[in-house]
């Protein structure tokens with residue numbers, strides 16, 4: 006039988022084949038080889054009695070996302086709140102960096118659109134659409150954008166990522182009511198939500214495909230990024246960088262920098278450049294420890 010690993014827990018792997026879920030163990034030779042099996046891996050398994058099985062073959066991966074560790078992901082849906090908590094450009098950009106470097110199709114969802122001023126939401130939508138991202142504005146309360154979001158998810162494996170408190174679980178419940186995910190209230194004291202997702206798990210959709218609800222801020226670490234790689238995570242900066250005089254330009258203090266010129270002329274948003282500089286400083290500091 007062939008299926009997809011949808012959950013891993015205590016050395017057991019839950020494999021989905023159609024509507025059937027089978028609790029499998031891993032054949033001993035994989036353990037000897039120290040082969041890591043992840044949620045999203047496609048496998049072939051031998052069915053046993055009582056809904057159990059043994060995984061015999063792990064099929065080649067199409068892609069591998071490191072944070073969280075999920076195999077065969079087709080796209081990343083970065084989800085933020087249009088209000089409560091208010092959106093932050095640096096937080097949006099930090100998530101976009103890792104999504105870009107994963108080389109996966111990336112979409113942006115601005116949830117809680119009913120709580121925000123339409124013109125302010127529109128400015129955010131326009132900014133990221135001009136860069137080239139698909140951006141959806143959604144509201145669980147009014148139903149805005151839910152149908153469009155559902156169409157984007159069907160037939161694909163999609164990782165949902167974003168800060169806590171932006172309504173990811175509520176949004177997924179609206180897309181697929183049968184999921185019944187636990188939701189957390191936003192703390193009025195600190196303006197953040199409680200972490201309601203403990204581990205990565207593939208959740209099947211009625212129209213085909215899976216979504217992965219991921220824990221909190223696990224997506225925003227930059228330990229493995231070299232300063233010279235960072236510009237690749239900003240498509241508009243990478244495009245402008247082709248005009249820099251020096252191919253080693255980090256677009257900070259270097260002379261004759263086409264990126265800084267583009268910021269001055271308004272062709273690159275000041276908020277995006279500020280995000281770039283903040284993360285550049287962070288990754289440079291990380292490198293000092295090597």
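Numbering (the numbering used here), first residue to last: 6 to 295.
We put the CB at the ideal spot given by N, CA and C, even for glycine.
Open item on the list: Please report the straight-line C-alpha distance between residue 162 and residue 115, rounded to a whole angstrom.
Closed with: Here the C-alpha atom of residue 162 lies approximately 20 Å from the C-alpha atom of residue 115.
Open item on the list: Which residue marks the beginning of the alpha helix (DSSP H) containing residue 286, and which one marks its end?
Closed with: According to the DSSP assignment, residue 286 belongs to the alpha helix (DSSP H) that extends over 275-292.
- [ ] Please say whether residue 111 and residue 118 have beta carbons closer to each other than 9 Å?
- [x] No, these two residues do not count as a Cβ contact at 9 Å.
TODO: Would you grab the beta carbon distance between residue 120 and residue 100 for me? Rounded to a whole angstrom, and I think it's under 8 Å.
DONE: Wrong, their Cβ atoms sit about 20 Å apart, outside the cutoff.
Task: In chain order, each beta strand (DSSP E) run of at least 3 residues that lies wholly inside the segment 58-124 - done: Counting only runs of 3+ residues, the beta strand (DSSP E) found wholly inside the segment 58-124 occupies 80-86, 110-116, in chain order.
- [ ] Pair every Cβ in the segment 87-107 with every Cβ in the segment 151-169, then say whether three or more of these pairs are closer than 8 Å.
- [x] Output reads yes: the segment 151-169 touches the segment 87-107.
Task: Buried or exposed (CB count within 10 angstroms, at least 16 for buried), residue 260 - done: Under this definition residue 260 is an exposed residue.
Task: Identity of the residues DSSP links to residue 9 by a beta bridge - done: Residue 9 is bridged to 21, 47.
TODO: Can you tell me the Cβ-Cβ gap for residue 60 and residue 40, rounded? I've got them flagged as a contact below 8 Å.
DONE: About 10 Å separates the CB atoms of residue 60 and residue 40; that is not less than 8 Å, and the two are not in contact.
TODO: Quick one: residues in its chain with C-beta nearer than 8 Å to the C-beta of residue 106, no 5 flanking neighbours on either side, listed in chain order?
DONE: Correct list, in chain order: 230, 234, 237, 238.
Task: Terminal residues of the beta strand (DSSP E) in which residue 208 lies - done: Looking at the DSSP string, the run of the beta strand (DSSP E) that includes residue 208 is 207-209.
Open item on the list: Check this for me: beta carbons of residue 81 and residue 207, under 9 Å apart or not?
Closed with: Between residue 81 and residue 207, the CB-CB gap reaches or exceeds 9 Å.
Task: Neighbourhood of residue 46 by C-beta, 8 Å cutoff - its chain only, sequence neighbours within 5 removed - done: Close CB contacts of residue 46 within its chain, under the 8 Å cut and outside five residues either way in sequence, are with 9, 10, 63, 64, 66, 76, 77 (chain order).
TODO: Rounded to whole angstroms, what's the CA-CA distance from residue 232 to residue 285? Just pull it up for me.
DONE: Taking the straight line joining both Cα atoms gives about 6 Å.
Task: Same chain, Cβ closer than 8 Å to residue 247, five either side skipped, listed in chain order - done: Cβ neighbours of residue 247 beyond the five flanking positions: 263.
Open item on the list: Please report the distance separating the alpha-carbon of residue 273 from that of residue 88.
Closed with: In this structure, the straight-line span from the alpha carbon of residue 273 to that of residue 88 is close to 25 Å.
Task: Inter-residue Cα distance where the pair is residue 157 and residue 113 - done: Between residue 157 and residue 113, the C-alpha separation is close to 11 Å.
TODO: Pick out whichever of 228, 142, 293 has its Cα sitting closest to the Cα of residue 122.
DONE: Nearest C-alpha to residue 122: 142.
Open item on the list: Between the alpha carbons of residue 194 and residue 90, how many angstroms are there, rounded?
Closed with: For residue 194, the pLDDT reaches just 38, beneath the cut-off of 50, and the residue's location in the model is therefore unreliable, leaving the point undetermined.
Open item on the list: Please report the distance separating the alpha-carbon of residue 102 from that of residue 205.
Closed with: Linking residue 102 to residue 205 through their CA atoms gives a straight-line distance of about 20 Å.
Open item on the list: Check for me: the alpha helix (DSSP H) holding residue 177 runs from which residue to which?
Closed with: Per DSSP, residue 177 is one residue of the alpha helix (DSSP H) stretching across 173-180.
TODO: Note the first and the last residue of the continuous beta strand (DSSP E) segment covering residue 163.
DONE: Residue 163 -> beta strand (DSSP E) spans 162-166.
- [ ] Tell me, please, which residues DSSP counts as bridged to residue 141.
- [x] According to DSSP, residue pairing for residue 141 in a beta bridge involves 114.
Open item on the list: Measuring only the C-alpha atoms, how far is residue 183 from residue 151?
Closed with: C-alpha separation (whole angstroms): 15 Å.
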